[in-house]
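There are 2 protein chains.
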Amino acid sequence: MTPIDKDVLSMVNFDANGLVPAIVQSTSGRVLMLAWMNADSLEQTLNIGETVFYSRSRRELWHKGATSGNTQRVLKIELDCDSDALLIQVEEAGPACHTGEESCFDVETLFISGDQ
Amino acid sequence: MTPIDKDVLSMVNFDANGLVPAIVQSTSGRVLMLAWMNADSLEQTLNIGETVFYSRSRRELWHKGATSGNTQRVLKIELDCDSDALLIQVEEAGPACHTGEESCFDVETLFISGDQ
């Protein structure tokens, strides 16, 4: 892993609650989940090379896969043009979703275009 | 387009501000942007078959590409397992980002794993 550059944390525009949305994408291209990070969770993510999020409901850090074993190894973190969203490319050890699906977005389709 | 099913709107858990984050992904697999929708913008998106977001800074609906011409035709909308994030597959008419890049995440890379 590359050593943490502290400036990375200062580049992110965290919201009023100190959070930034993080989109997690598999090497397959599938978007796996959207979760939230605070500065601590982003720093830990950079430190251990696996995703660590902030759980808004439990109000605590959450090392993805610590219980399930389905960790996500971080390959790349990109910041968007207004610095308030992250895109994290990962290699998965197992399904991202607690339902057992690969992606949290595999659960419900709201709309499919009729003219695809 | 499929006619709007009003139930779609009631399936989404909008946050305390009436918003839901929407991840926009190209047919190429590239994640283009993260934007926000309220119920009105989601309804308009379903009505016109192109992305319509809610601008938090301008506090108004924003039909993506109305000015630039770079509209996004909606192919599919998926809801995540806790119903508080959308993944929208689109066909792009042009770059998603106001910088001219295809993706808003093309602007800044925070981290690349050294052992990819």
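Protein chains in written order, with numbering that gives the first Met the number 0: chain A, 0 to 115; chain B, 0 to 115.
Each residue gets a CB set at the ideal place from its N, CA and C atoms; glycine is no exception.
Contact check, B/Ala84 vs B/Val19 under 8 Å by CB: the rounded distance? 7 Å
Measure the C-alpha to C-alpha separation of B/Ala65 and A/Ser54 and round it to an integer number of angstroms. 36 Å
Can you list the beta strand (DSSP E) stretches of 3 or more residues lying completely in the region 28–103 of chain B, in chain order? 30–36, 51–54, 59–62, 71–78, 85–91
Can the beta-carbon of A/Asp79 be found closer than 7 Å to that of B/Phe104? yes
For A/Ser112, name the three-state secondary structure that DSSP assigns. coil
Residue-level contact to chain A via CB, B/Asn16, 7 Å cutoff: no
Under 7 Å, Cβ to Cβ, is there at least one residue of chain A near B/Phe104? yes
Alpha-carbon spacing of A/Ser40 relative to A/Ser27, whole angstroms: 25 Å
Could you check how far apart the C-beta atoms of A/Met10 and B/Leu33 are, in whole angstroms? I think they sit under 8 Å. About 16 Å separates the two Cβ atoms, so there is no contact after all.
For B/Pro20, return the contacting residues in chain A, with the cut-off set at a CB-CB distance below 7 Å. Pro20, Leu33
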